[in-house]
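Chemist:
In UniProt numbering, the protein residues as written are 1 to 252.
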């Protein structure tokens, strides 16, 4: 339970209920970070809406609740740098919901949704960032370029490091084996294991090609396989002839 003495017990109880609800059923594109020790500071990660210059970005913000909350609105700040008309360079958020349009009955969910909608539809007429506001009104493409640049530098989502090499190699081997079976009517013996080798993962394209070469090479049809088998038999016959000649020479 929160221990912040600035909030009344009734407010803390209501906040605990609302934060639990936000955690269990979060709004689209918003993840609230709950701090059970202090409900007066609430953090949230907001995903940049698709189709905006903030797409593919994740922006962290915080709401500061005063001692007389909910009679007075919380103060909102972006902790992640963002280029936006209604967000000052220090991160302060300017939106009517947190100013003159505040109503004590409005919950945190409503506030967070309004902030995310601000990323979709800025209001340059009431800009805290004058450069962004002027640019949005005069040259949207230039504004969007700046906003995307900030997003790419400060708010870009980390890429998922999913290892797919072994899966791809296994899929290739199975596809090759199936094609050989269809062409010859016999199941081939795979000369390369499906799992990654003990030498470690493939590090470049040349090694990757070498690792699957034994699998790809046989996929040339039944005639090539029969020709290879004929060459192998011929080699064995030639070897026997050479051995016989060596024995004859020894006798002489």
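A virtual CB, placed ideally from N, CA and C, is assigned to each residue, including glycine.
Which ranges would you report for the beta strand (DSSP E) in the UniProt domain "UBC core" (10-156) if only whole runs of at least 3 residues count?
Modeler: 30-33, 41-47, 58-64, 75-78
Chemist: Taking only heavy atoms of the ligand ADP into account, decide whether any of them is closer than 7 Å to the Cβ of residue 19.
Modeler: The ligand ADP is not among the ligands present in this structure, which contains no ligands whatsoever.
Chemist: With 16 other CB atoms within 10 Å as the buried threshold, where does residue 110 fall?
Modeler: Exposed.
Chemist: Which value, in whole angstroms, describes the spacing of the CA atoms of residue 19 and residue 157?
Modeler: Residue 19 and residue 157 have their C-alpha atoms roughly 25 Å apart.
Chemist: Taking 6 Å as the limit between beta carbons, can you name the residues of its chain near residue 137, skipping five residues before and five after?
Modeler: The beta carbon of residue 137 sits closer than 6 Å to the beta carbons of 124 from its chain, once the five residues preceding and following it are set aside; these are given in chain order.
Chemist: Any contact of the region 80-100 with the region 27-41, i.e. 3+ C-beta pairs under 8 Å?
Modeler: no
Chemist: Spatial neighbours of residue 87 within its chain, please: C-beta separation below 7 Å, excluding the five flanking residues on both sides.
Modeler: 78, 93, 128, 129
Chemist: Which one of 43, 84, 82, 48 has the shortest CA to CA distance from residue 75?
Modeler: 43
Chemist: Taking C-alpha atoms, which residue in 141, 83, 10, 117 lies nearest to residue 154?
Modeler: 83
Chemist: Going by beta-carbon coordinates alone, are residue 115 and residue 46 separated by less than 8 Å?
Modeler: yes
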